[in-house]
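Worksheet for the structure shown next.
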Amino acid sequence: MIMSKTGYTCIRRSLCLLNLLFWVIGCSLLALGIWLHFGFDTYNRILPSSHQLSADNLTITAGVLTICIAFLGCCGAWFQSKCVLGTFLLFVILALILQLIAGILCFVFRESINGTLKQEMLHGIKYEYGNNSEGLMKTWDQIQSSLECCGVTDYKDWYEIKAWPDKTWVPESCCIPSNDTEVAELCGRNPQKEEWKYHQDGCYRKIMHWLLRNSHFLGIICVVFAFVQFFSIVSSLLVICTMDYKRHFRPANGDCRSTYNRVPTL
């Protein structure tokens, strides 16, 4: 089979458009990461020892890397640089392999990951809550109020934490809203410990349920992104092979117009 000049030009421009799409995705990830960092920074504190792997840091890193890779691909395709395109191809293949490995590891070790996250959340409320950490306190209050939950497993996680040793108190956000303002304000530290007034479900289960309910959106995004990466790999190989063929079969008079009509495809 052969590929005409029109076909080669179409593949090269398609590769440029794909990398423009990558660039837009990268900018979107970067903007999302910055928004998460400044708008929801306190949420990172519920996992005190995992700040470097927080959602905002991971999203910003992914955005910057995607922008850099897209820039390489677009420049390589536009200027027909084999070296730049080869570097782009290497990075895309590595990214695809890393995504595949990460997906497999997350699936295989999902129970271990879930257990680690749960222990991190428990550590946060036991040792970090109230320890000059107003952001963490506000974060837990917001989570418990919005999800109507209390503690990690249940409300008993708040008993005898470092912030109030030897006390069976809970934050006021654990209390079921009441029309009686005085009763509501005393609910969390009520000496009578009327536990029926607390939210009975733990926040960990509520958070995991929300993630599972929305996981299909993440799956669709990953499949589309992988397809775009695969098409970029194929397009890059076609452009590189075509440039090689042009270089080796260029006519002696320098006229390469007929060369496009003799370029084989993969």
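According to numbering that gives the first Met the number 0, the residues represented by the sequence shown are 0 to 265, in order.
By construction, the Cβ of each residue, glycine as well, lies at the ideal position given by its N, Cα and C atoms.
1) State yes or no: is the C-beta of Val169 within less than 9 Å of the C-beta of Cys149?
2) Assign Tyr158 to one of three DSSP states: helix, strand, or coil.
3) With distances taken Cα to Cα, identify the nearest neighbour of Gln118 among His208, Cys240, Asp156 and Ile66.
4) State the Cα-Cα distance for the pair Val63 and Leu97, rounded to the nearest angstrom.
5) State buried or exposed for Thr5, treating a residue as buried only when at least 16 other CB atoms are found within 10 Å of its CB.
6) In angstroms with no decimal places, state the Cα-to-Cα distance between Gly134 and Phe224.
7) Take Ile112 and list the residues in its own chain whose beta-carbon comes closer than 7 Å to its own, dropping the five residues that flank it on each side.
8) What distance in whole Å lies between the Cβ atoms of Leu84 and Val233, which are believed to be in contact at a cut-off of 8 Å?
9) Under 8 Å Cβ to Cβ from Glu159, same chain only, skipping five residues before and after it: list those, please.
10) For the alpha helix (DSSP H) holding Trp139, just list the boundary residues, first then last.
11) Using the Cβ count rule (16 or more neighbours within 10 Å means buried), how would you classify Gln143?
12) With distances taken from CA atoms, which of His36, Cys82, Phe87 and Ile59 is nearest Leu14?
13) Pull up the distance between the alpha-carbon of Lys245 and that of Cys73, whole angstroms please.
14) Name the DSSP bridge partner or partners of Tyr197?
15) What number of angstroms, rounded off, separates the C-alpha of Leu19 from the C-alpha of Lys125?
16) Taking the continuous alpha helix (DSSP H) assigned at Asn113, which residues delimit it?
17) CA-CA distance, Phe269 and Asp140?
18) Quick one: give me the first and last residue of the alpha helix (DSSP H) that Cys202 is part of.
19) So what does DSSP say about Lys81, is it helix, strand or coil?
20) Are the CB atoms of Thr65 and Phe21 nearer to each other than 9 Å?
According to the data block:
1) yes
2) coil
3) Asp156
4) 16 Å
5) exposed
6) 35 Å
7) Cys105
8) Their Cβ separation, rounded to whole angstroms, is 13 Å, which puts Val233 and Leu84 out of contact at 8 Å.
9) Asp165, Lys166 and Thr167
10) Glu133 to Leu146
11) buried
12) Phe87
13) 20 Å
14) Cys174
15) 47 Å
16) Arg109 to His122
17) Residue 269 cannot be examined here, being either before or after the span of the chain that is shown, 0 to 265.
18) Cys202 to Arg212
19) helix
20) yes
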